[in-house]
Ligand code: GLU
């Protein structure tokens with residue numbers, strides 16, 4: 030049976046954009062009878078909010094989602110919290126190290142930024158200058174009692190894949206992404222390693238997630254291959270933006286699932302609004318999660334980011350709602366000095 034998953038980082042309450050990703054991933058799996066896994070990605074200790082672990086689970090349940098395996102229900106591929114899976118990441122790192130794929134990085138992000146004009150995404154493009162600076166830094170950092178980060182030496186080559194939403198993609202990973210961190214200098218396992226190890230270990234076939242992770246995908250595919258694992262198919266969703274046109278962020282407390290629930294908004298309204306924002310229905314209407322899963326089609330998802338304007342948000346509280354299909358963030362925003 031094919032399997033999908035949703036993998037929240039419990040760094041706070043989930044906002045409508047997180048809920049939208051969760052709904053799409055869940056509906057995609059459920060609409061064709063696939064299994065669905067919930068995995069809590071709580072590796073980033075300083076950013077993890079302990080109450081958010083159970084809070085996020087409760088928010089998803091409130092929306093009407095269910096899962097076959099997860100931290101609260103267990104399952105054959107558990108545990109389903111990354112903080113309990115560190116031995117797996119250590120094994121994967123050891124394997125990469127034995128294959129000569131890793132190196133110690135004594136340079137901070139700031140050091141690397143100052144050295145290089147190359148763009149930095151998930152990784153750092155390590156050229157001769159960076160290597161020399163790294164070698165120079167080692168003695169000093171050791172003397173200060175500092176630990177190095179462990180990075181993957183990204184192999185040369187072009188990575189090509191077909192994203193189910195973003196279309197055909199290619200990336201020269203070593204040059205565009207660079208040498209990604211596997212183990213951080215503070216001892217935390219890096220998201221990139223953990224996600225690859227876990228998607229394979231949990232037999233995930235398809236990943237639906239926000240397109241903020243599109244730039245990491247090529248590196249994750251390469252990493253999977255180096256570990257002799259099959260990479261899952263990916264579908265990257267363009268993100269949700271707020272009335273001001275800015276991407277929703279967890280900092281913005283008003284648009285969290287928990288705040289809407291506490292304000293008395295019924296879950297069917299949240300699901301209905303998100304179904305509309307995902308191109309599944311023409312106008313927002315109250316919708317049970319189960320019904321949403323029945324009608325969900327990936328092909329109908331807008332290929333542009335979507336802005337929830339005041340009319341859309343007002344609908345959650347009983348307002349008349351938006352007049353038409355979901356619009357892109359800049360579309361319909363009055364720009365000063367622009368004739369309309
Ligand atoms: N835990 C990640 C996040 O919440 C998502 C990881 C993924 O879907 O690959 O942003």
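Residue numbers (this note's numbering): 30 to 369.
Virtual Cβ for every residue (Gly too), placed ideally from N, Cα, C.
Point to revise | 4-residue-minimum alpha helix (DSSP H) runs that sit fully inside the region 228 to 305, ordered along the chain | key: 243 to 255, 286 to 291
Exercise for review: At 4 residues or longer, and completely inside the region 95 to 150: list those alpha helix (DSSP H) runs for me, N to C.
Suggested key: 115 to 127, 138 to 144
Review point. Do you know how far the Cα of residue 196 is from the Cα of residue 240?
Key: Counted from its first residue, the chain shown places residue 240 at position 211. Counted from its first residue, the chain shown places residue 196 at position 167. The alpha-carbon atoms of residue 240 and residue 196 are separated by roughly 12 Å.
Point to revise | Straight-line Cα distance separating residue 237 from residue 69 | key: The residue given as residue 69 occupies position 40 in the chain shown. The residue given as residue 237 occupies position 208 in the chain shown. Near 15 Å, if we compare the C-alpha coordinates of residue 237 and residue 69.
Check your understanding: Between the region 49 to 66 and the region 317 to 333, are three or more C-beta pairs nearer than 8 Å?
Key -> yes
Exercise for review: In angstroms with no decimal places, state the Cα-to-Cα distance between residue 104 and residue 173.
Suggested key: Residue 104 sits at position 75 when you count from the first residue of the chain shown. Residue 173 sits at position 144 when you count from the first residue of the chain shown. Residue 104 and residue 173: Cα-Cα distance of roughly 44 Å.
Check your understanding: Where in the region 145 to 225 do unbroken runs of the beta strand (DSSP E), each at least 3 residues long, occur, reported from the N-terminal end onward?
Key -> 178 to 181, 187 to 192, 196 to 201, 208 to 212
**Study point:** Assigned exposure category for residue 169 - 16 Cβ within 10 Å defines buried
**Key:** Along the chain shown, read from residue 1 onward, the residue named residue 169 stands at position 140. Classification for residue 169: exposed.
Practice item. For the beta strand (DSSP E) containing residue 67, list its first residue and its last residue. Key: In the chain shown, residue 67 corresponds to position 38, counting from 1. First-last of the beta strand (DSSP E) with residue 67: 64 to 67.
Check your understanding: In chain order, what residues of the same chain lie with their CB nearer than 7 Å to the CB of residue 133, ignoring the 5 residues before and after it?
Key -> Taking the first residue of the chain shown as 1, we reach residue 133 at position 104. 177, 179.
Review point. So is the beta-carbon of residue 261 under 7 Å away from any non-hydrogen atom of the ligand GLU?
Key: What you label residue 261 is simply residue 232 of the chain shown in a count that begins at 1. Because no heavy atom of the ligand GLU lies under 7 Å away, the Cβ of residue 261 does not count as near it: no.
**Study point:** C-alpha gap between residue 229 and residue 80, whole angstroms
**Key:** Your numbering for residue 229 matches position 200 in the chain shown. Your numbering for residue 80 matches position 51 in the chain shown. Rounded to the nearest angstrom, the two C-alpha atoms are 28 Å apart.
**Study point:** Residue nearest to residue 255 in terms of C-alpha spacing, selected from 325, 126, 101
**Key:** One-based indexing of the chain shown puts residue 255 at position 226. Among 325, 126, 101, the Cα nearest to that of residue 255 is on 126.
Check your understanding: Can you tell me the Cα-Cα spacing of residue 64 and residue 44, whole angstroms?
Key -> As a first step, residue 64 must be located in the chain shown, where it is residue number 35. As a first step, residue 44 must be located in the chain shown, where it is residue number 15. Between residue 64 and residue 44, the C-alpha separation is close to 25 Å.
Exercise for review: Look up residue 335 in the DSSP assignment and say whether it is helix, strand or coil.
Suggested key: Sequence index remark: in the chain shown, residue 335 carries index 306 (1-based). Correct three-state label for residue 335: strand.
Practice item. Identify the continuous alpha helix (DSSP H) that holds residue 84 and give its terminal residues. Key: Against the chain shown, residue 84 aligns to sequence position 55. Looking at the DSSP string, the run of the alpha helix (DSSP H) that includes residue 84 is 79 to 92.
Practice item. May I have the straight-line CA-CA distance separating residue 247 from residue 188, to the nearest angstrom? Key: Counting from one through the chain shown, the residue named residue 247 turns up at place 218. Counting from one through the chain shown, the residue named residue 188 turns up at place 159. So the alpha carbons of these two residues sit roughly 6 Å apart.
Review point. How many angstroms separate the CA atom of residue 91 from the CA atom of residue 84?
Key: For this step, residue 91 is matched to residue 62 along the chain shown. For this step, residue 84 is matched to residue 55 along the chain shown. If I take the Cα positions, the gap works out to 10 Å.
Check your understanding: Within 7 Å: the Cβ of residue 238 and any heavy atom of the ligand GLU?
Key -> The count along the chain shown starts at 1 and reaches residue 238 at position 209. Yes; taking the cut-off as 7 Å, the Cβ of residue 238 has a heavy atom of the ligand GLU nearer than that.
Practice item. Using three-state DSSP, classify residue 312 as helix, strand or coil. Key: In the chain shown, the residue the question calls residue 312 occupies position 283. Correct three-state label for residue 312: coil.
Point to revise | Segment contact flag, the region 254 to 269 with the region 151 to 159, C-beta cutoff 8 Å, min 3 pairs | key: no
**Study point:** Residue nearest to residue 113 in terms of C-alpha spacing, selected from 42, 98, 72, 121
**Key:** For the purposes of this step, residue 113 is identified with residue 84 of the chain shown, where counting begins at 1. Closest by alpha carbon: 72.
Review point. Straight-line CA distance for residue 185 to residue 135?
Key: What you label residue 185 is simply residue 156 of the chain shown in a count that begins at 1. What you label residue 135 is simply residue 106 of the chain shown in a count that begins at 1. Computed Cα separation, rounded: 23 Å.
**Study point:** residue 33 in three-state terms, based on DSSP
**Key:** Sequence index remark: in the chain shown, residue 33 carries index 4 (1-based). Three-state DSSP puts residue 33 in a strand.
Review point. Within 7 Å: the Cβ of residue 82 and any heavy atom of the ligand GLU?
Key: As a position in the chain shown, residue 82 is number 53, starting the count at 1. Incorrect: residue 82 has no Cβ contact closer than 7 Å to the ligand GLU.
Check your understanding: Do residue 297 and residue 315 come within 8 Å of each other at the CB atom, strictly closer than that value?
Key -> Here residue 315 is taken as the residue at index 286 of the chain shown, counted from 1. Here residue 297 is taken as the residue at index 268 of the chain shown, counted from 1. The answer is yes: Cβ separation under 8 Å.
Check your understanding: Can you check whether the CB of residue 330 is closer than 8 Å to the CB of residue 356?
Key -> On the chain shown, residue 356 is found 327 positions in, with the first residue counted as 1. On the chain shown, residue 330 is found 301 positions in, with the first residue counted as 1. Not closer than 8 Å, so no.
Check your understanding: Which value, in whole angstroms, describes the spacing of the CA atoms of residue 223 and residue 111?
Key -> As a first step, residue 223 is located in the chain shown; it is residue number 194 there, counting from the start. As a first step, residue 111 is located in the chain shown; it is residue number 82 there, counting from the start. Answer to the nearest angstrom: the Cα atoms are 7 Å apart.
Review point. For the ligand GLU, any of its heavy atoms closer than 7 Å to the Cβ of residue 267?
Key: Taking the chain shown and counting its residues from 1, the one referred to as residue 267 is at position 238. No - the ligand GLU has no heavy atom lying nearer than 7 Å to the Cβ of residue 267.
Exercise for review: Pull up the distance between the alpha-carbon of residue 276 and that of residue 267, whole angstroms please.
Suggested key: Translated into the one-based positions of the chain shown, residue 276 becomes position 247. Translated into the one-based positions of the chain shown, residue 267 becomes position 238. Each residue's Cα considered, the two are about 10 Å apart.
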